[in-house]
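**Q** Once you've had a glance at the structure underneath, I'll fire off some questions.
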Amino acid sequence: MAKFNTDANLEHLHKISQDGDNDDPQSGDFGLGYDCPVVEGFYDYAAAVGGATLTATQCLLDKRGEVTINWSGGWHHAKKEDRGRTRGNVDETQDWVKVRRPLDPMAGDPMCSFSMTPVRVAQCLRHVLDWHLPTLPLGGGGYNLVNTTRCWTYLTVSILGRTLAPEIPDHEVGLHSTAPNTHTPCGPSSLSHSL
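So, in structure tokens, the structure goes:
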């Protein structure tokens, strides 16, 4: 983790992750707090997410797959520099592509800057996949957790070339108790936005 983080960032993560201290006044300097709350064990979680992204990258470099996914691996809070800015990006090298797609522009999200649907996000990803380069889609933001989960599910199914029934079946996890509806994908917002 030291290769991708400053010493100060790692020390702070260690300190606050011991007891899940979400009130440390320095946390904002490291992109933590507000929409990236700290919980007990946060350091280990960050290490696991970062390790998963590195493993996914290594799989691409070793040609063990054409697409590897880590939906937890693209949070802008995790960047060594430029913390606190949300934007999608595509980094293309000669050999492979990394796509970081925050879902703040999704319909139903409080940020809702573009009222995008999972279908439209999948179309954007499909254009990248049409380059036929090894690709690593990473997740990111999204303040409406139910719609973010729906979108990641839809994107995963799209990458696999499959389809899903629009009705989410009953299960024990309890999604139905928090979801406004139990259908995927979510529809566009009727809100108008001015730029």
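Numbering (the UniProt record's numbering), first residue to last: 1 to 195.
C-beta atoms are modelled at their ideal positions from N, C-alpha and C, and glycine is treated no differently.
Being a predicted model, the structure only gives us computed values, none of them experimental.
Going by beta-carbon coordinates alone, are Gly-73 and Pro-134 separated by less than 9 Å?
**A** It is not a contact, given that the beta carbons lie outside the stated cut-off.
**Q** What is the DSSP secondary structure of Val-99, counted as helix, strand or coil?
**A** Three-state result, Val-99: strand.
**Q** Find the nearest neighbour of Asp-130 within the set Val-67, Pro-169, Trp-152, judged by alpha-carbon distance.
**A** That would be Val-67, whose Cα lies nearest to the Cα of Asp-130.
**Q** In chain order, which alpha helix (DSSP H) runs of at least 4 residues are fully inside the stretch 117–153?
**A** The stretch 117–153 contains these whole alpha helix (DSSP H) runs: 118–129.
**Q** Using the C-alpha atoms, what's the distance from Asn-22 back to Pro-37?
**A** Taking the straight line from one Cα to the other gives about 6 Å.
**Q** Is the Cβ-Cβ distance between Ala-46 and Asn-70 less than 9 Å?
**A** Against a cut-off of 9 Å, the Cβ pair of Asn-70 and Ala-46 comes out as no contact.
**Q** Closer than 7 Å by C-beta to Ala-122: which residues in its own chain qualify, once you throw out the five before and the five after it? Chain order, please.
**A** Once the five neighbours on either side are set aside, the close Cβ partners of Ala-122 are Tyr-154, Leu-155, Ser-158.
**Q** Going by CA-CA distance only, name the one from Ala-165, Leu-13, Pro-118 that's closest to Glu-40.
**A** Closest by alpha carbon: Leu-13.
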